[in-house]
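Peer 1:
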Amino acid sequence: MSRIPAPRAGRSPSRLALLLVLAAGFAGIAAAQSADLALDQLMTELKARPHRHDRFTERFTTAVLDRPLEASGELFYDAPDHLEKRTLLPRVERLVLEGRALAIERRHRTYRTTLDEYPELAPYIESIRATLAGDLAALEGVFKLGYTSKGDAWSLTLSPLAPNLAAQVTRIGIEGVSANVQSVVIDRANGDRSAMTLTGAVAP
Numbered sequence: 063m064s065r066i067p068a069p070r071a072g073r074s075p076s077r078l079a080l081l082l083v084l085a086a087g088f089a090g091i092a093a094a095q096s097a098d099l100a101l102d103q104l105m106t107e108l109k110a111r112p113h114r115h116d117r118f119t120e121r122f123t124t125a126v127l128d129r130p131l132e133a134s135g136e137l138f139y140d141a142p143d144h145l146e147k148r149t150l151l152p153r154v155e156r157l158v159l160e161g162r163a164l165a166i167e168r169r170h171r172t173y174r175t176t177l178d179e180y181p182e183l184a185p186y187i188e189s190i191r192a193t194l195a196g197d198l199a200a201l202e203g204v205f206k207l208g209y210t211s212k213g214d215a216w217s218l219t220l221s222p223l224a225p226n227l228a229a230q231v232t233r234i235g236i237e238g239v240s241a242n243v244q245s246v247v248i249d250r251a252n253g254d255r256s257a258m259t260l261t262g263a264v265a266p
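So, in structure tokens, the structure goes:
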């Protein structure tokens with residue numbers, strides 16, 4: 063009498079589930095490593111542009127006012143740590159940052175201080191300066207970073223690490239294309255928002 067062959071044993075559901083979890087984990091690690099490499103490449107491209115001169119427009123929204131405040135002017139950056147914001151409209155104002163030294167010119171008077179004296183400005187200024195400088199270490203020292211890209215377009219999400227900064231600024235979003243920063247949006251914990259758009263480089 064011939065023996066009927068036993069059915070071939072397949073993978074158990076539990077083992078298959080484990081394999082799927084492992085595969086998903088490896089895929090997640092690969093995706094994270096790919097994002098890290100892309101972010102490193104972006105920082106390298108930004109660092110390769112040590113001088114910048116761009117026009118900007120800025121829109122500030124707050125619940126205290128009936129309508130947004132708008133301003134425009136020019137933004138300068140020179141490596142390694144010079145950042146200058148010249149507001150031309152609605153009134154002339156100049157903010158210059160060299161290292162931690164901060165100078166503010168307003169109504170023909172100059173106020174000199176340090177960035178440490180303006181904690182409400184520190185995350186805003188450092189986010190712009192460190193991004194333009196391609197200084198990943200400086201960004202990671204202050205913020206938790208989120209990075210996405212599609213083609214040459216990219217987006218950075220910065221969340222302050224320090225509790226005192228997080229109590230003031232909930233999120234900073236920076237977007238650009240290749241080595242060109244195009245917008246900086248800051249959402250504050252009180253609901254205020256400032257949105258700066260860089261509208262193009264100024265011809266030398």
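Under my numbering, think of the first position of the sequence shown as 63, with each following residue one higher.
Yeah, the Cβ is synthetic: ideal placement off N, Cα and C, and Gly gets one too.
#1: I'd like the span of the beta strand (DSSP E) that includes P112, first residue to last.
#2: With a Cβ-Cβ cutoff of 8 Å, do D116 and A241 count as a contact?
#3: Is P67 helix, strand or coil by DSSP?
#4: Ordered along the chain, which non-local residues of its own chain (more than five positions away) have a Cβ less than 6 Å from that of E155?
#5: Using a 10 Å radius around the Cβ and a threshold of 16 neighbouring Cβ atoms, would you call G253 buried or exposed?
#6: Just how far apart, CA to CA, sit R129 and G161?
#7: Check T149 in the structure and name its three-state DSSP category.
#8: On a Cα-Cα basis, can you pick out the residue from V204, D197, L198 that is closest to Y186?
Peer 2: Walking through what the data contain:
#1: Per DSSP, P112 belongs to no beta strand (DSSP E) and is neither H nor E.
#2: No.
#3: Unreliable placement is indicated for P67, whose pLDDT of 49 sits below 50; no coordinate value is reported for it.
#4: Within the same chain, and ignoring the five residues on either side of E155 in sequence, the residues whose Cβ sits closer than 6 Å to its Cβ are T149, R168.
#5: Exposed.
#6: Rounded to the nearest angstrom, the two C-alpha atoms are 35 Å apart.
#7: The answer is strand: DSSP assigns T149 an E or B state.
#8: With distances taken between Cα atoms, Y186 lies closest to V204.
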